Structures are given as structure tokens and as C-alpha cells.
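Worksheet: one structure, shown below.
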Amino acid sequence: MKILGIESSCDDTSVALIKVNKNDFIVLAEKTASQIEIHKKYGGVVPEIAGRMHAEKILPVIEEVMKGQDKPDVIAVTCGPGLITGLLVGVEAAKSLSYLWNVPLVAVNHIEGHIHSVEISHEQFSISNIQYPALALIASGGHTELIWIKSKGQYKKIGATVDDAAGECFDKTAKLLNLEYPGGPKISQYAETGNNKAINFPRPMLDKNNYDFSFAGLKTSALYWLKDNKLIMLNKITSNTTKSKYLNNQKVFPTNTQENITIHDFCASFEQAIIDVLVGKTLKALKKYQPKTVILGGGVSANKKLRQTLAAEINKLSPKLKFLSPSLKYAMDNATMIALVGYYKAFKKEYTSWQNIKANPNWEIE
Ligand code: KG4
Ligand code: ZN
């Protein structure tokens, strides 16, 4: 069976064609048009621009992936959650192709895609043995969720962010430092050589007796710290990183000032605060729910320190517990993970007609 996957929920127009034979999967072609260069100028994704760029790229990208290929057996498309401007483009393209080729359609939840991204090791892969029940932490630019997976395809969201997502917090704080979008990778690069104990940032909601997250306050404390303190810029990582209005500020009314803190220390301390919250909440859920597998997915799962810390803590708690995270290529938004979930749904004949399929920016996984 061949599945064409289409993903356009944020700032990547991604299309993939996969072939499935029993448990063996082959990625026949995958192409992603990234909009990062355009959104960089604005320090984050601008929904109207994202929609226009998806509309411009979707057909050329599909054409390139389908070059020399027969029509697929199934089309899988991300219907939500995400930006409505982007989702509409992917869904409309999928609908048109379904009608033209007379091929069935599958609606895929983006978060479900990130969950199953841990099964894709490279271009040829066998379905990994996620053992159920499983617990998934999905952290990206738009989402931070803890999901209980009782058995394959049976989801229950047990916790989520009440304000900003973890990736959004990385991106907004990076913007304060005048680092380019997406800020997560830049902050983690600076953090590598910094002192993570230099600044005592808050760990929001860590001691609350639930599995929810909150990152807006952390971003605000980063802002206040930068206003009140001097940051020493050392070893610039990106050549076009310019001085932020908060960097090397002359203090007017200094309060609680800290001296000799570098941007590396700032980033390491900030990153550590996010990691402590993500790992702390996951461990809390893990102790209560007792899964057989823990899954870490979403763009923030590309963070090396987060992976290492979570893996080490899980191993400390229960060495038999399986920990899965995606290979770096598939940690970011991609259409291969959408095609893979599309296959699972097609296998169960969970189709949606082209007349009924709809983009749903707030689609909750269930
Ligand atoms: O899953 P994704 O590609 O798109 C969404 O669905 O949002 O995630 C993108 C997010 C961005 O916020 C980006 O800053 C973050 O993932 N990210 C990272 C790292 N790499 C990407 N955050 C922290 N550390 C990283 N190494
Ligand atoms: Zn995503």
C-alpha cells in the first residue's frame, strides 16, 4: 500500500510518499519546503504569510514527490491542530487529489503524527515495538501535552500547557536575546557551554498536583532579568546576531542585579528550567500511570539535554521502561509521520470522504 502524506499545520509544507509491506515501511520520497527564512524577519510564524506560502508551495512539492510514481492508494492529511491558514491549504489540496484520483482520504491529527514519529528511524524502517500502555510528552512550538495511550490509537490527554508551549517559550525568549527564529536550537547551542545554575529561573507549576504546564511566566522572568541585569556577550554563535535592546543595558534602577553572567549562562539556566518542568511533570505522570513505554516527541524533543535528562531519569526509576524519541530528522514537522498514521487509520478503514473532511485548528487528540 502506498500512502501520500501532506503536512501544512505550521511553517513547513511537507509531502511524503511511503510504501508499506506488512511491517516494512519505505519512504519513497519526501520533500519539505521550510518557511523559516521568511518568518525569521518577524521573529515568529505569521499566520497570514504562512498560509500564502503554503498555497504557493503545495502543488510544486506534491509534483516533485509524485514524479515517476503511480497514484497512491491513500491520501493522509493533517487536519489539526495547527494554524487554520496552513491547514486549509493542505486539506484543500488533499481533497482535490482525492476527487481527481478517486483515492480515499484519511484525516490525521498532528499530535498523533508526532507520537508515531518515534517509529521512523530512517528511510527504511520496520514498525518499532512501542509497548502499550504508553505515556507521551509532545513538546513543540504550538503544543505541550502529556498523553496517556492505553493501547494503539486510544488516547487521553492528561495534561497540557495553560498558556505558552515549551517551544514558544524558547522562541519568545530567544527573540528577547535577538536570536533568530526558531530560537530553541540557538538557545540550546549557547547553553552547551554555560552554567545552568547561574540564574535561578522559576519552575512554573512543577509542584502543582496535576500534569499541566505553564511557560508564560518563565518568559516574563527572563524578560525582567534581562531588564535588570547586564548580560555579557561571549562567543557569538550566529554571525548576524545583533545586540538586543536588553543586552548590555545601562542599568537605571538596578534590582537584584547579578554580575558576570554570560549569554551562555543565561541560556543554560533558562533551558534547565524548561527541562526540569518537562521532565518533572513526565515523571509525576509516569509514577501514577505506570506505562511500559515513554515517548518524547515534537520539535523540542530535538533538544539533546532534554532527551538525555529524561532518558537518565526514566532509567533511574525503572531500567526496564522503554524510552523512545524520534531521530532528529523526524523530530520536526514532517509528512512521513502523517503518512505513517494515515496507514494505521487506512488499515482500520477510518476514511473520511472529500466532501466531509475539514481543517480543525483545535482538534484535540482522543
Ligand atoms: O514540532 P515543530 O517542528 O513545529 C510545531 O508543531 O510547532 O516544533 C518547532 C519548535 C520550535 O519552537 C523550536 O524552537 C523548537 O521546536 N525546537 C527546539 C529545539 N529544536 C527545535 N527547542 C529546544 N531545543 C532544540 N534543540
Ligand atoms: Zn509539530
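In our numbering, each residue carries its 1-based index in the sequence shown increased by 1236.
Ideal placement from N, C-alpha and C gives every residue a C-beta, glycine not left out.
This one's a predicted model, so the numbers in the text were calculated from it and none came from an experiment.
Can you grab the Cα-Cα spacing for the pair residue i / residue j, in whole Å?
i: D1361; j: I1468; result: Note that residue 1361 is Phe in the sequence shown here, rather than Asp. Cα to Cα, the separation comes out at about 46 Å.
i: I1499; j: Y1426; result: 7 Å
i: S1335; j: G1304; result: In the sequence on display, residue 1335 carries Tyr and not Ser. Cα to Cα, Y1335 sits roughly 21 Å from G1304.
i: N1345; j: G1389; result: 11 Å
i: T1288; j: D1512; result: It should be pointed out that residue 1288 corresponds to Arg in this sequence rather than to Thr. Near 38 Å, if we compare the C-alpha coordinates of D1512 and R1288.
i: P1438; j: N1431; result: 16 Å
i: A1291; j: N1257; result: 33 Å
i: T1429; j: A1372; result: 30 Å
i: I1601; j: V1342; result: 15 Å
i: K1276; j: L1415; result: 9 Å
i: S1589; j: S1332; result: 11 Å
i: K1524; j: I1298; result: 44 Å
i: S1505; j: Q1591; result: 50 Å
i: S1554; j: I1366; result: 17 Å
i: K1558; j: I1550; result: 8 Å
i: P1369; j: I1363; result: 16 Å
i: A1269; j: V1251; result: 9 Å
i: S1561; j: R1543; result: 8 Å
Beta-carbon within less than 7 Å of residue i's beta-carbon, same chain only, minus the 5 sequence neighbours each way: which residues are those?
i: K1603; result: Past the boundaries of the shown model lies residue 1603; the chain is included only from 1237 to 1602, so the question cannot be answered.
i: K1307; result: W1337 and V1339
i: K1556; result: none
i: I1274; result: I1285 and M1289
i: S1244; result: H1290, I1294, T1314, G1322, L1323, V1325 and G1326
i: Y1587; result: P1340, L1341 and V1342
i: K1393; result: E1381, I1383, E1600 and I1601
i: I1320; result: A1595 and P1597
How is the beta strand (DSSP E) around residue i delimited, first residue to last?
i: V1342; result: L1341 to N1345
i: C1405; result: First-last for C1405: A1402 to L1412, but that is the alpha helix (DSSP H), not the beta strand (DSSP E).
i: N1257; result: D1248 to N1257
i: Q1271; result: Looking at the DSSP string, Q1271 is not in any beta strand (DSSP E), and its letter there is neither H nor E.
i: A1434; result: Segment: none, A1434 is in no beta strand (DSSP E) and carries neither H nor E.
i: T1429; result: No beta strand (DSSP E) contains T1429, which DSSP labels as neither H nor E.
i: F1361; result: Q1360 to S1362
i: G1533; result: T1529 to G1533
i: T1380; result: T1380 to S1387
i: L1240; result: K1238 to E1243
i: F1449; result: Looking at the DSSP string, F1449 is not in any beta strand (DSSP E), and its letter there is neither H nor E.
i: L1371; result: A1370 to A1375
Within its chain, find whatever has a CB closer than 6 Å to the CB of residue i; leave out the 5 residues flanking it on each side and keep chain order.
i: K1481; result: Note on K1481: pLDDT 46, under 50, position unreliable in the model; no value is reported.
i: F1406; result: G1419, G1420 and I1423
i: N1596; result: C1315 and G1316
i: I1294; result: T1249, V1325 and A1329
i: D1309; result: M1237 and K1238
i: Q1508; result: N1432
i: N1496; result: none
i: C1503; result: I1423, Y1426, A1427 and G1430
i: V1301; result: V1251, L1253, A1265 and K1267
Between residue i and the rest of its own chain, which residues show a CB-CB distance below 8 Å, the 5 nearest in sequence each way excluded?
i: N1598; result: G1316 and P1317
i: A1582; result: M1237, I1239, D1309, V1310, A1312, P1340 and V1342
For the alpha helix (DSSP H) that contains residue i, what are its first and last residues?
i: T1314; result: Where T1314 is concerned, there is no enclosing alpha helix (DSSP H), although the beta strand (DSSP E) it sits in stretches over V1310 to G1316.
i: Q1390; result: Counting along the chain, Q1390 falls outside any alpha helix (DSSP H), though it belongs to the beta strand (DSSP E) covering Q1390 to A1396.
i: G1322; result: I1320 to W1337
i: F1502; result: I1499 to Y1525
i: K1552; result: K1540 to L1553
i: K1463; result: A1452 to D1464
i: F1583; result: A1571 to F1583
i: K1293; result: P1283 to M1302
i: K1565; result: L1564 to A1567
Relative to ligand 4, is the shortest distance from any of its heavy atoms to the C-beta of residue i smaller than 7 Å?
i: H1350; result: Although ligand 4 was asked about, the structure shown includes only ligand 1 and ligand 2 as ligands.
If you measure from each residue's Cβ to the nearest non-hydrogen atom of ligand 1, which ones come out under 5 Å, in chain order?
C1246, S1376, G1377, G1378, G1403, F1406, D1407, P1418, G1420, P1421, S1424, G1534, G1535, V1536, A1538, N1539, M1568 and D1569
With three or more beta-carbon pairs closer than 8 Å as the criterion, would you say the segment 1345 to 1355 touches the segment 1571 to 1582?
yes
Can you find at least 3 beta carbon pairs, one from the segment 1515 to 1535 and one from the segment 1441 to 1458, that sit closer than 8 Å?
yes
Counting beta carbon pairs with one atom in the segment 1560 to 1570 and one in the segment 1527 to 1547, are three or more of them shorter than 8 Å?
yes
Given 8 Å, three or more beta-carbon pairs between the segment 1451 to 1464 and the segment 1384 to 1404
yes
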